[in-house]
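Inspection log for the structure reproduced underneath, given as structure tokens.
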Amino acid sequence: MATLEGIEPGRDQGHGAREIHVDGAPADGRRRDFINVAAVSFLGVGTAAVTLPLISQMNPSADVLALASIEVDISGILPGQAVKSSWRKQPIFIRNLTPAEIKSANAVAIGSLREPQTLAERTKEGKANWLITMGICTHLGCIPLGTADGENRGDFGGYFCPCHGSHYDTAGRIRKGPAPKNLEVPEYVFKTDTIVQIG
Amino acid sequence: MSFPWAEVYKPKNPLMVWMDERLPMPRLVYNAIGAGYPVPRNLNYFWNFGVLAGVSLVIQIVTGIVLAMHYSTDGNTAFQSVEHIMRDVNSGWLIRYAHANGASFFFIVVYIHIFRGLYYGSYKAPREMVWLLGLVIFLLMMATAFMGYVLPWGQMSYWGTQVITGLFGAIPLVGETLQTWLLGGFAPDNAALNRFFSLHYLLPFVIAGVIILHIWALHIPGSNNPTGVSVKGPQDTVPFHPYYTAKDGFGLGIFLILFSIMLFFLPNYLGHADNYIPANPLATPAEIVPEWYFWPFYAILRAFTVDFILPAKLWGVLAMFFSILLLFFLPWLDKSPVRSANYRPTYAKFFWILVADVLILGWVGGLPAEEPYLMIAQTATIYYFAHFLIILPILSKIERTRPLPHSISRSVLHGEAAESAPPGTATRPNAPGLGQTASA
Numbered sequence: 001m002a003t004l005e006g007i008e009p010g011r012d013q014g015h016g017a018r019e020i021h022v023d024g025a026p027a028d029g030r031r032r033d034f035i036n037v038a039a040v041s042f043l044g045v046g047t048a049a050v051t052l053p054l055i056s057q058m059n060p061s062a063d064v065l066a067l068a069s070i071e072v073d074i075s076g077i078l079p080g081q082a083v084k085s086s087w088r089k090q091p092i093f094i095r096n097l098t099p100a101e102i103k104s105a106n107a108v109a110i111g112s113l114r115e116p117q118t119l120a121e122r123t124k125e126g127k128a129n130w131l132i133t134m135g136i137c138t139h140l141g142c143i144p145l146g147t148a149d150g151e152n153r154g155d156f157g158g159y160f161c162p163c164h165g166s167h168y169d170t171a172g173r174i175r176k177g178p179a180p181k182n183l184e185v186p187e188y189v190f191k192t193d194t195i196v197q198i199g
Numbered sequence: 001m002s003f004p005w006a007e008v009y010k011p012k013n014p015l016m017v018w019m020d021e022r023l024p025m026p027r028l029v030y031n032a033i034g035a036g037y038p039v040p041r042n043l044n045y046f047w048n049f050g051v052l053a054g055v056s057l058v059i060q061i062v063t064g065i066v067l068a069m070h071y072s073t074d075g076n077t078a079f080q081s082v083e084h085i086m087r088d089v090n091s092g093w094l095i096r097y098a099h100a101n102g103a104s105f106f107f108i109v110v111y112i113h114i115f116r117g118l119y120y121g122s123y124k125a126p127r128e129m130v131w132l133l134g135l136v137i138f139l140l141m142m143a144t145a146f147m148g149y150v151l152p153w154g155q156m157s158y159w160g161t162q163v164i165t166g167l168f169g170a171i172p173l174v175g176e177t178l179q180t181w182l183l184g185g186f187a188p189d190n191a192a193l194n195r196f197f198s199l200h201y202l203l204p205f206v207i208a209g210v211i212i213l214h215i216w217a218l219h220i221p222g223s224n225n226p227t228g229v230s231v232k233g234p235q236d237t238v239p240f241h242p243y244y245t246a247k248d249g250f251g252l253g254i255f256l257i258l259f260s261i262m263l264f265f266l267p268n269y270l271g272h273a274d275n276y277i278p279a280n281p282l283a284t285p286a287e288i289v290p291e292w293y294f295w296p297f298y299a300i301l302r303a304f305t306v307d308f309i310l311p312a313k314l315w316g317v318l319a320m321f322f323s324i325l326l327l328f329f330l331p332w333l334d335k336s337p338v339r340s341a342n343y344r345p346t347y348a349k350f351f352w353i354l355v356a357d358v359l360i361l362g363w364v365g366g367l368p369a370e371e372p373y374l375m376i377a378q379t380a381t382i383y384y385f386a387h388f389l390i391i392l393p394i395l396s397k398i399e400r401t402r403p404l405p406h407s408i409s410r411s412v413l414h415g416e417a418a419e420s421a422p423p424g425t426a427t428r429p430n431a432p433g434l435g436q437t438a439s440a
């Protein structure tokens with residue numbers, strides 16, 4: 001870099017008359033380093049502060065979260081019937097099991113299951129006939145058949161996924177086919193005997 | 001490109017050597033905004049505004065892409081989707097306010113950038129292409145900003161669209177057909193909203209492309225400087241990095257502080273309350289005004305009230321477009337060989353009168369078209385054109401300019417007043433050390 005005419009070399013240009021340390025390093029050197037480090041650090045902090053909202057804006061918005069909880073009236077579902085409902089834009093199965101279906105679900109040897117769970121673990125106490133599960137096959141996300149009358153309920157009388165042939169039993173457990181897990185049980189509570197709050 | 005004494009990029013790291021032989025991108029950056037780009041050593045803070053404009057464009061593109069993720073381009077849902085952004089989307093209010101105020105700051109920065117060029121004669125040879133490309137960017141910005149203001153689909157959006165497309169309707173014979181074609185209908189509706197959204201998304205990237213040309217054209221002769229005197233040797237320049245990265249960085253900090261103050265404390269100050277009312281094709285707001293950055297042009301548009309051969313409405317439209325097109329001819333209207341107004345005392349006075357004139361136009365452009373504002377707008381409009389078409393050509397012939405400094409480095413060392421004083425006069429500095437080399 002060119003030197004300014006008339007200013008002897010070795011002197012800090014902007015501060016020609018400033019103090020010079022014994023070891024020859026200008027006192028301003030460290031001050032300038034500090035300013036440099038402080039400025040660049042603050043740039044980092046500022047960038048992070050700006051990046052956070054730009055990332056978080058892609059999370060579910062307030063109106064989406066507001067739909068995260070629904071109430072369903074189950075008084076019209078007779079034993080042996082099932083309904084498909086929508087929760088968080090996803091299908092949910094609510095099934096009123098018959099005593100025979102409960103019996104067949106309880107008759108299975110737990111050890112033989114791909115994901116060992118009892119019917120009692122998958123329902124609420126005293127409400128063993130109400131099987132509430134997500135209507136999403138745990139294989140690749142299709143909606144299994146078996147809610148409407150006359151639909152294929154698979155080899156085990158529960159649900160059957162037509163995409164790749166996964167069979168679920170009357171407790172919504174995977175029994176045959178490629179799906180790795182039982183149908184997911186969402187969080188829910190019985191607000192009254194006939195009103196279920198999901199989510 | 002650049003000066004022969006520019007520092008040469010020499011990568012030391014083997015990876016960078018490998019990279020340089022295959023895709024010399026770091027070399028390009030080094031030569032464009034690194035130590036390989038020598039810049040006049042005497043630039044003042046007005047030279048920050050090019051970088052600030054670039055940062056503004058980046059802010060607009062980043063926030064704009066985010067807004068497009070949540071916006072709905074449909075006449076029935078557009079307004080709701082903007083309210084959804086404001087209320088429901090995480091940090092949506094911040095991102096939308098940053099985009100709306102970012103547009104205003106972009107224009108503030110660009111206006112200062114343009115007037116900087118006018119004051120220091122940066123439009124003159126050999127930088128005409130830099131000036132012309134800058135004007136293209138300015139026109140693209142105006143189009144982009146206008147179409148962006150339409151998207152919230154509030155009352156101002158709707159009636160602004162009606163009025164601005166109506167400008168094209170003033171063109172004789174084809175005007176009405178043209179307006180219908182622009183809108184894709186007989187009034188602003190879904191078709192107009194969708195095409196405006198599409199173009200609003202596209203144009204910023206076109207602007208980015210023209211900015212690359214703008215910088216390319218700038219880097220051929222290098223930056224102008226406050227003396228307007230060309231660089232004569234290595235002693236006149238310093239490397240862009242770290243000298244001007246630091247100076248621009250400081251200016252950027254100030255810019256971001258001011259931006260944050262607007263963003264967090266006065267987010268709606270520059271907006272119009274009527275745009276929080278959903279678009280209603282059956283009711284016009286009491287008063288339609290464009291965004292503040294269009295006010296000077298809006299004042300020129302409304303200044304014509306008398307039919308003279310052509311209808312007054314058409315005169316207004318022509319004058320408004322010509323007020324910008326005129327600037328494309330500026331390098332050839334002002335033929336003075338002296339660039340900087342620091343050495344053109346009379347031009348400097350007229351420059352500041354022009355600044356005041358444009359501010360007055362902006363002031364009346366935001367007010368109702370009534371007396372006395374109308375007369376003020378007419379006077380200011382006449383002066384605006386007179387400045388470029390009459391005053392500048394005459395002034396560049398008859399003005400007696402001050403003597404220029406011998407070089408940038410000498411004006412830096414001795415002070416501009418002393419350096420431009422005639423040799424041998426008392427104001428000539430005679431400090432020890434300095435005087436010796438000055439006479440050498």
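So the protein lines, in turn, are chains S and F.
The opening residue of the first sequence carries number 1 in this note's numbering; numbering runs sequentially from there.
The opening residue of the second sequence carries number 1 in this note's numbering; numbering runs sequentially from there.
All C-beta atoms in this analysis are idealised placements derived from N, C-alpha and C, irrespective of residue type, glycine included.
Fair warning: this is a prediction, and the values are worked out from it, not measured in the lab.
Exercise. Is the beta carbon of S:F160 less than 9 Å from the beta carbon of S:G146?
Worked result: Working through the first sequence from its first residue, we reach residue 160 of chain S at position 160. Working through the first sequence from its first residue, we reach residue 146 of chain S at position 146. At the C-beta level, S:F160 and S:G146 come within 9 Å of one another.
Exercise. Applying the criterion that 16 or more other CB atoms from any shown protein chain within 10 Å of the CB defines a buried residue, is F:H113 buried or exposed?
Worked result: Taking the first residue of the second sequence as 1, we reach residue 113 of chain F at position 113. Looking at its Cβ environment, which holds 16 or more other Cβ atoms inside 10 Å, F:H113 is buried.
For this session: Would you mind giving the Cβ-Cβ distance between F:W47 and F:S223, rounded to the nearest angstrom? I have them listed as a contact below 8 Å.
Result: Counting from one through the second sequence, the residue named residue 47 of chain F turns up at place 47. Counting from one through the second sequence, the residue named residue 223 of chain F turns up at place 223. The Cβ separation is near 7 Å, so the contact holds.
Problem set entry | Below-9 Å beta-carbon distance, S:V64 vs any chain F residue | As a first step, residue 64 of chain S is located in the first sequence; it is residue number 64 there, counting from the start. Closer than 9 Å: yes.
Exercise. Per DSSP, what kind of secondary structure is F:V306 in: helix, strand or coil?
Worked result: By one-based count along the second sequence, residue 306 of chain F stands at place 306. Of the three classes helix, strand and coil, the one that applies to F:V306 here is coil, per DSSP.
Problem set entry | Partners in chain S for F:V62, counting only beta-carbon separations shorter than 8 Å | Reading the second sequence from its first residue, position 62 is the one you call residue 62 of chain F. Within chain S, the residues near F:V62 are L54.
Exercise. Looking at the C-beta of S:N152, does it have a partner C-beta in chain F at a distance below 9 Å?
Worked result: Position 152 of the first sequence, counted from the start, is the residue given in the question as residue 152 of chain S. S:N152 is outside the set of residues whose beta carbon lies under 9 Å from a beta carbon in chain F.
For this session: For chain F, find out if any of its Cβ atoms is closer than 9 Å to the Cβ of S:R18; answer yes or no.
Result: For the purposes of this step, residue 18 of chain S is identified with residue 18 of the first sequence, where counting begins at 1. Residue placement at S:R18 is flagged as unreliable, the pLDDT there being 49, under the threshold of 50; the coordinate-derived value follows with that caveat. Answer no: the Cβ-Cβ gap between S:R18 and chain F never drops below 9 Å.
Problem set entry | Close-in-space but distant-in-sequence residues of the same chain around F:D248 (CB under 7 Å, 5 per side omitted) | Mapped onto the second sequence, residue 248 of chain F falls at position 248. Correct list, in chain order: N48 and V51.
Exercise. How would you label F:A341, buried or exposed, when you count the other beta carbons within 10 angstroms and need 16 or more for buried?
Worked result: Counting from 1 along the second sequence, the entry for residue 341 of chain F is found at position 341. Buried, because 16 or more other Cβ atoms sit within 10 Å of the Cβ of F:A341.
Exercise. Which chain S residues sit within Cβ distance under 9 Å of F:S407?
Worked result: Residue numbering aside, residue 407 of chain F sits at position 407 when the second sequence is read from its first letter. Around F:S407, no beta-carbon contact reaches into chain S at under 9 Å, the shortest distance being about 10 Å.
Exercise. To the nearest whole angstrom, what separates the beta carbons of S:E125 and S:N182, a pair I think is in contact under 8 Å?
Worked result: To locate residue 125 of chain S, count along the first sequence from 1; it is residue 125. To locate residue 182 of chain S, count along the first sequence from 1; it is residue 182. Their Cβ separation, rounded to whole angstroms, is 19 Å, which puts S:E125 and S:N182 out of contact at 8 Å.
Exercise. Going along chain F in order, which residues have a C-beta closer than 7 Å to the C-beta of S:Q57?
Worked result: For the purposes of this step, residue 57 of chain S is taken as the residue at position 57 of the first sequence. Residues of chain F passing the Cβ test: V66, V89, N90, S91, G92 and I95.
Problem set entry | Separation of F:F350 from F:M141, as counted between CA atoms | Position 141 of the second sequence, counted from the start, is the residue given in the question as residue 141 of chain F. Position 350 of the second sequence, counted from the start, is the residue given in the question as residue 350 of chain F. Their Cα atoms are separated by approximately 27 Å.
Problem set entry | Test item: CB-CB of F:L361 and F:A380 under 9 Å | Within the second sequence, numbered from 1, the residue matching residue 361 of chain F stands at position 361. Within the second sequence, numbered from 1, the residue matching residue 380 of chain F stands at position 380. Yes; because the gap between Cβ atoms is below 9 Å, this pair is in contact.
Problem set entry | Residues from the region 96 to 117 of chain S in contact with chain F, defined by Cβ distance under 8 Å | none
Problem set entry | C-beta neighbour in chain S for F:M262, strict 9 Å | To locate residue 262 of chain F, count along the second sequence from 1; it is residue 262. Cβ-Cβ to chain S under 9 Å: no for F:M262.
Exercise. Is any beta-carbon of chain S found at less than 9 Å from that of F:L256?
Worked result: Sequence index remark: in the second sequence, residue 256 of chain F carries index 256 (1-based). Answer yes: the Cβ-Cβ gap between F:L256 and chain S drops below 9 Å somewhere.
Exercise. Using the C-alpha atoms, what's the distance from S:N96 back to S:G80?
Worked result: Here residue 80 of chain S is taken as the residue at index 80 of the first sequence, counted from 1. Here residue 96 of chain S is taken as the residue at index 96 of the first sequence, counted from 1. Answer to the nearest angstrom: the Cα atoms are 6 Å apart.
Problem set entry | In DSSP terms, what S:G157 is bridged to | Stepping through the first sequence from its first residue, residue 157 of chain S is reached at position 157. Answer by DSSP bridge pairing, in chain order: S:D169.
For this session: Note down, in chain order, every chain F residue with its Cβ under 7 Å from the Cβ of S:A38.
Result: Position 38 of the first sequence holds residue 38 of chain S. Residues of chain F passing the Cβ test: none, with the nearest at roughly 12 Å.
Exercise. What are the start and end residues of the alpha helix (DSSP H) that includes F:D357?
Worked result: Counting from 1 along the second sequence, the entry for residue 357 of chain F is found at position 357. Run containing F:D357: P345 to G365, per the alpha helix (DSSP H) assignment.
Exercise. To the nearest whole angstrom, what separates the beta carbons of F:H84 and S:D63, a pair I think is in contact under 8 Å?
Worked result: Within the second sequence, the letter at position 84 stands for residue 84 of chain F. Within the first sequence, the letter at position 63 stands for residue 63 of chain S. Going by Cβ atoms, the distance from F:H84 to S:D63 rounds to 7 Å, so yes, they are a contact pair.
Exercise. Of the choices F:V130, F:P372, F:Y111 and F:N280, whose alpha-carbon is the least far from that of F:P221?
Worked result: In the second sequence, residue 221 of chain F corresponds to position 221, counting from 1. Comparing Cα positions, the closest option is F:V130.
Exercise. Are the beta-carbon atoms of F:S56 and F:L270 separated by less than 9 Å?
Worked result: By 1-based counting over the second sequence, the position of residue 56 of chain F is 56. By 1-based counting over the second sequence, the position of residue 270 of chain F is 270. No. Outside cutoff.
Exercise. What three-state label does DSSP hand S:A82 in the structure shown?
Worked result: Along the first sequence, one-based indexing puts residue 82 of chain S at 82. Three-state result, S:A82: strand.
Exercise. Does F:K12 have its Cβ less than 9 Å from a Cβ in chain S?
Worked result: Looking up residue 12 of chain F in the second sequence gives position 12. It does not; no Cβ of chain S falls within 9 Å.
For this session: Compare the C-beta of F:H241 against all C-beta atoms of chain S and say whether one is closer than 9 Å.
Result: Numbered from its first residue, the second sequence carries residue 241 of chain F at position 241. Not one chain S Cβ lies under 9 Å of F:H241.
Exercise. S:S61 touches chain F at which residues, Cβ-Cβ below 8 Å?
Worked result: On the first sequence, residue 61 of chain S is found 61 positions in, with the first residue counted as 1. Neighbours of S:S61 on chain F, chain order: H70, H84, D88, V89, N90 and G92.
Exercise. Once you ignore the five residues that flank S:V207 on each side, which residues in its own chain have a CB closer than 7 Å to its CB?
Worked result: Nothing in the structure corresponds to residue 207 of chain S, since chain S is present only between 1 and 199.
Problem set entry | Coarse secondary structure for F:V229, derived from DSSP in three states | Taking the second sequence and counting its residues from 1, the one referred to as residue 229 of chain F is at position 229. If DSSP states are grouped into helix, strand and coil, F:V229 belongs with coil.
Exercise. Can a CB atom of chain F be found closer than 9 Å to the CB of S:G44?
Worked result: Residue mapping note: residue 44 of chain S aligns to position 44 of the first sequence, counting from 1. Not closer than 9 Å to any Cβ of chain F, the Cβ of S:G44 fails to qualify, so no.
Exercise. Are the Cβ atoms of F:L354 and F:P393 separated by less than 9 Å?
Worked result: As a first step, residue 354 of chain F is located in the second sequence; it is residue number 354 there, counting from the start. As a first step, residue 393 of chain F is located in the second sequence; it is residue number 393 there, counting from the start. Not in contact: F:L354 and F:P393 (Cβ atoms no closer than 9 Å).
For this session: Would you check if there are 3 or more beta carbon pairs closer than 8 Å linking the region 74 to 94 of chain F to the region 52 to 72 of chain S?
Result: yes
Problem set entry | Whole-number beta carbon distance between F:L193 and F:T63, since they are thought to touch under 8 Å | Residue numbering aside, residue 63 of chain F sits at position 63 when the second sequence is read from its first letter. Residue numbering aside, residue 193 of chain F sits at position 193 when the second sequence is read from its first letter. About 20 Å; that fails the 8 Å criterion.
Exercise. Which residue spans inside the region 41 to 73 of chain S form an unbroken alpha helix (DSSP H) run of at least 4?
Worked result: 62 to 66
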